[in-house]
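Novice: Here's a structure for you.
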Amino acid sequence: MTPDAANYLDLACDAADEIRHRAGVSGIDIAMVLGSGWSSGADKLGNVVATIPLDEITGFSRPVVAGHGGDAIITEVAGRNVLVYTGRTHFYEGRGTDAVAHGVRTAAELGAQVLVVTNGCGGLDTTWKPGQVVLLRDHINLTGATPLHGPNFIDMSEAYDKELRTLVHGIDPTLPEGVYAQFTGPAYETPAEVRMAGIMGATLVGMSTTLEVLAARAAGLRVLGLSLMTNLAAGVSAEKLDHAEVIAAGREAAPRLAALLAQVSERIASTIDFG
Ligand code: 8IG
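See the structure below:
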């Protein structure tokens, strides 16, 4: 193992110990990363056991971007322990891919077997309107980076778990599936970049998720991805992109997203085999 690798694993171990002690739990079953628009329902998923500001846990920092929260909430849903992050470290913050993957690695260290990853993003499908929820079927990592170290040839042929997608369709059969392309950000794409992503097969563009999913698959977690399309991507509509409008679309969708997340977590906790 490289010294680098030892360090990021140590950080995840320390963070996991701190969460165990502060929440008084021996482990968790499910982890959730809540992105733009998704975090308002975090404390209504189940019975909250503990709320810990992320900057009080080793290796985390509190997000500074408007619309992103910054807590680790440990909550109990249908007899399962769920760790909910109401914010994430983005690649564009420049802290590196290990900082981006730290929450997922900490969850894996705590014994999580399922990761629910959510985000707010732009969309390429003109039949979708802002506020559309899209189930991730696959992704394209356009960051040129990875959280994996060394020759770690993990299988990504079904990164987004089929059984979990079926489970969500059992709750809402109308949800479309999409392919999410992660750009580095923090600038939104140019119209030409959006066209490129579309030619590659992407239907969603964003600045998160794929690096976290790589870390999750490397740790053996099953992944469910949910996107909130807050805006049509640059050039797809005539509108310009504005962060405040993106936040507003998230706020408008918040009650619907909270209700969906509550149903999804309940269904995962009560039906998935945690062994
Ligand atoms: I919310 O249109 C949100 N995040 N890259 N492009 C990218 N990220 C986003 C977008 C978008 N909307």
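In my numbering, the protein residues as written are 5 to 279. Note that beta-carbon positions come from the ideal geometry of N, C-alpha and C, so glycine has one too.
Could you tell me whether any non-hydrogen atom of ligand 1 is closer than 7 angstroms to the CB of ASN235?
Specialist: Flag set: Cβ of ASN235 near ligand 1.
Novice: At the level of alpha carbons, what is the spacing between LEU225 and ASN85?
Specialist: 15 angstroms
Novice: Grouping DSSP H, G and I as helix and E and B as strand, with all else coil, what is THR79?
Specialist: strand
Novice: Only counting the same chain, and skipping five residues up and downstream in sequence, which positions put a Cβ closer than 8 angstroms to that of ASP59?
Specialist: In its chain, beyond the 5 residues on either side, SER65, ARG66, GLY74 have a beta carbon closer than 8 angstroms to the beta carbon of ASP59.
Novice: Going by the beta-carbon positions, is the gap between GLU80 and ASN123 smaller than 8 angstroms?
Specialist: no
Novice: Between the C-alpha atoms of MET5 and ALA185, what's the straight-line distance to the nearest angstrom?
Specialist: Low confidence applies to MET5: its pLDDT is 44, below 50, so where it sits in the model is not reliable, and the reading given next is rough at best. One C-alpha to the other measures close to 31 angstroms.
Novice: Can you tell me the Cα-Cα spacing of PRO180 and LEU232, whole angstroms?
Specialist: 11 angstroms
Novice: Considering Cα atoms alone, identify which of LEU49, CYS125, VAL104, VAL29 is closest to HIS247.
Specialist: CYS125
Novice: With GLY182 as the anchor, note down where its beta strand (DSSP E) starts and where it stops.
Specialist: 181-186
Novice: Could you have a look at ILE32 and say whether DSSP puts it in helix, strand or coil?
Specialist: It is coil, neither helix nor strand.
Novice: Using the C-alpha atoms, what's the distance from ASN235 back to ILE203?
Specialist: 19 angstroms
Novice: Between the C-alpha atoms of PRO155 and ALA222, what's the straight-line distance to the nearest angstrom?
Specialist: 12 angstroms
Novice: Provide the residue(s) that pair with ARG84 in DSSP beta bridges, ordered along the chain.
Specialist: VAL81
Novice: State the DSSP-derived secondary structure class of ALA196, mapped to helix, strand or coil.
Specialist: helix
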